[in-house]
Amino acid sequence: MKVSAIRKFRQKLAADQPVYGLWVTLESATITEMAVALGLDWVVIDAEHGHLDWHDILEHLRATVRSDTTALVRVTELNIGQIKRALDIGADGVIVPWIETADQLRQAVSFSRYPPAGVRGMGGERATCWGRCLPEHAAEADEHVLVVPIIETVRAGKNIDELCRVDGVDLFQFGPADYSSTAGFKGQWEGPGVAEQLLVIKNSIRRAGKHCGVLATSNENLAQRREQGFQFLGLGMDASLLLRSVTGALGSVGRDTAIAASLAPAGAKPASGEAAGTVSQPLPRRPAGFEPNRAEVVTPRSAARRIELERGVVFQPLVGAHNQARDLTTGIVTFMPGAQLSYHTHPHGEAVTLLAGDVEVEVDGRRYCLSQFDNVYIPPGRPHLAFNPSGSKPATVHIAMNSHEPSTTLVPAPAASRMMPDDAGGVSGAERVSRHASTPWYEPNSGARFQDYFNSDLGSVGMSGGYGEFTHGGRLPCHLHDFDESITIVTGTATCVVEGRRYSLSDCATALAPRGRCHYFINQTDRPMAMIWVYAGDLPQRIVLSQKCCEPGSCPLG
């Protein structure tokens, strides 16, 4: 136990300063050595998920010896043997998953303390210098050991006031993905309403004088979490940070960075932008937990409201809060000749796809000239503008944002701007530009092919989407998703079937397919049909169902 490191750690928390760290899941202790060399405040060695064994955990702990980096071990469960062992081999504390009640938390504290305060046994291991400093360690260990519960269930959230009254705990970690699962949104990092619930719980913890931690999903999210009042801030998991760096580098040179699910057949290609989590073998019925609570909504562009954003710039919302979409807004923006949408930012990501005319998009002073169906993804907080350079023709773009209540802040323009090359693909870690002419195609079904524009290979961006083309008879099988989906028909005419209800869409008409609704699209005309599709999640599940699930009466409205 590194008492000096723990004291500094707690002093920073008490002073309302952030403590930054790394979640370690890979075997090599060199990762932890790097974290120590970089001056990180803490590392969590993850023994709950993945394949680290006790030898791996010990090597990671050794890498933190005589440093100011606090080392915590996440055990697999509330287990006296695991907690004792982690502390005996030198951990400064433990992170305990799935704590839901005050009694469970009191148990975790008891397992980490020597009698009479607890039930931790005296061991002659590394923590006691193999017994040579047993009296000294026993005298100070109870005072300094860190016990950090993970709040990752709805039940835990309801019991938060009782949990905060447990002595010996001053820090709570949040598990958004597991919390989402217990709230009915399996596979989502923060399902609909979960982000708001977690902030309410966080506020209760802070009012009790305790501290909160969470794992960031991106650099932008890291800053957002700090602003929200989280102090124990994870920069990310080692594997995720490595993947983010490699995929960014590959994306910058135009390489396909999709990763297939480990259970997928060799050579299989994910469908419609969905990789891991896709269920492709037809199921006979809708799975439990996917019962929808909203009906589909089809909105013709002619029926959409017209909102003037700036002079000559009109937005027509097609999917959003107005039709009960969750975590998603899509629509059409029209730029009159010479019109410009001034420099601004959003607290959420935005994707812009050129449909017609000429549009230039500038991000942080980098200006891109778009061709038809080119897409620009702009991360949260990035200043950007859009401009129609034509003096005679209007232009239209499709926009998508991973929020059902989007907001905009006007910001000053940068001092200078430069035109990027026509084939520029954006900047790693910032905007991505997907060129329709060069983005790879894949064909999940005969007569239907797709291009991915933005998805999980950018990190956790909260949405995914792209462009799809259907020839005569082209279709996808009956399926559902674990996120809301927006589908805008940009060329030709599509037939949309939702549980037996049929709709004809054309001229930028847009369908909102809520989470859990069984549906498919088909081109029943002799002309090509094309769509822009967007999911309210960066790694959605696509669950293929028996065709009967899309027939009348087979899946009644929830």
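So for the sequence shown, numbering that gives the first Met the number 0 puts the first residue at 0; every next one is plus one.
Beta carbons: idealized from backbone N, C-alpha and C, even for Gly.
Can you give me the Cβ contacts of His435 inside the same chain, cut-off strictly under 6 Å, excluding the 5 residues immediately before and after it?
Phe372, Asp373
Taking only three categories from DSSP, how would you classify Thr24?
coil
Which residue marks the beginning of the beta strand (DSSP E) containing Glu307, and which one marks its end?
Where Glu307 is concerned, the enclosing beta strand (DSSP E) stretches over 306 to 309.
Whole angstroms is fine: what's the gap from Leu560's alpha carbon to Ile44's?
Because the chain is modelled from 0 through 557, residue 560 falls outside the range shown and cannot be assessed.
Taking only three categories from DSSP, how would you classify Ser402?
coil
In this structure, does DSSP put Phe386 in helix, strand or coil?
Strand at Phe386.
Just the Cα atoms here: how many angstroms apart are Glu151 and Gly228?
18 Å
Can you look up Cys163 in the DSSP assignment and give me helix, strand or coil?
Shown here, Cys163 sits in a helix according to DSSP, grouped into three states.
Could you tell me the alpha carbon to alpha carbon distance between Arg516 and Gly247, rounded to whole angstroms?
34 Å
Across the stretch 374 to 391 and the stretch 215 to 227, are there enough close Cβ pairs to call them in contact, namely three or more that are closer than 8 Å?
yes
Mapping the DSSP letters down to three states, classify Lys1 as helix, strand or coil.
coil
Quick check on the burial criterion: 16 or more other C-beta atoms within 10 angstroms. Buried or exposed for Trp97?
buried
Who are the near neighbours of Val23 in its chain, counting only those whose CB is closer than 7 Å to its CB and skipping five residues on each side?
Closer than 7 Å at the Cβ level, and outside the excluded window around Val23, lie Ile30, Thr31, Val42, Val43, Ile44, Asp45, His59, Asp237.
Can you give me the C-alpha to C-alpha distance between His210 and Leu170, rounded to a whole angstrom?
5 Å
Can you list, in chain order, the residues of its chain with a C-beta nearer than 8 Å to that of Leu409? Leave out the 5 residues immediately preceding and following it.
Ser341, Tyr342, His343
Using the C-alpha atoms, what's the distance from Phe469 back to Leu504?
14 Å
Ile149: buried (16+ other C-beta within 10 angstroms of its C-beta) or exposed?
buried
Verify whether the separation of the beta carbon atoms of Met400 and Arg366 is less than 8 Å.
no
When you compare the CB positions of Val93 and Ala85, do they come within less than 8 Å of one another, or not?
A Cβ-Cβ contact shorter than 8 Å links Val93 with Ala85.
To which residues does DSSP link Tyr178 through a beta bridge?
None; Tyr178 has no bridge partner.
How is Phe8 classed by DSSP in three states: helix, strand or coil?
It is helical.
Cβ pair count under 8 Å reaching 3, the stretch 513 to 530 against the stretch 475 to 483
They touch, by the three-pair rule.
For Met33, report the span of its alpha helix (DSSP H) as first-last.
If you look at Met33, you'll find it in the alpha helix (DSSP H) that goes 29 to 36.
If you reduce the DSSP assignment to three classes, tell me which class Leu39 lands in.
coil
Need the endpoints of the alpha helix (DSSP H) that Asn202 sits in, please.
Per DSSP, Asn202 belongs to the alpha helix (DSSP H) from 193 to 206.
How is Ile94 classed by DSSP in three states: helix, strand or coil?
strand
Which residues mark the beginning and the end of the alpha helix (DSSP H) in which Arg119 is found?
First-last for Arg119: undefined, no H or E at that position.
Ser463 - containing beta strand (DSSP E), residue span:
463 to 469
Once you ignore the five residues that flank Ser111 on each side, which residues in its own chain have a CB closer than 7 Å to its CB?
Ile82, Leu86, Val93, Gly117, Arg119, Val144, Val146
Coil, strand or helix - Ile150 by DSSP:
strand
From the DSSP secondary-structure annotation, give me the bridge partner or partners of Ser485.
Leu511, Val533
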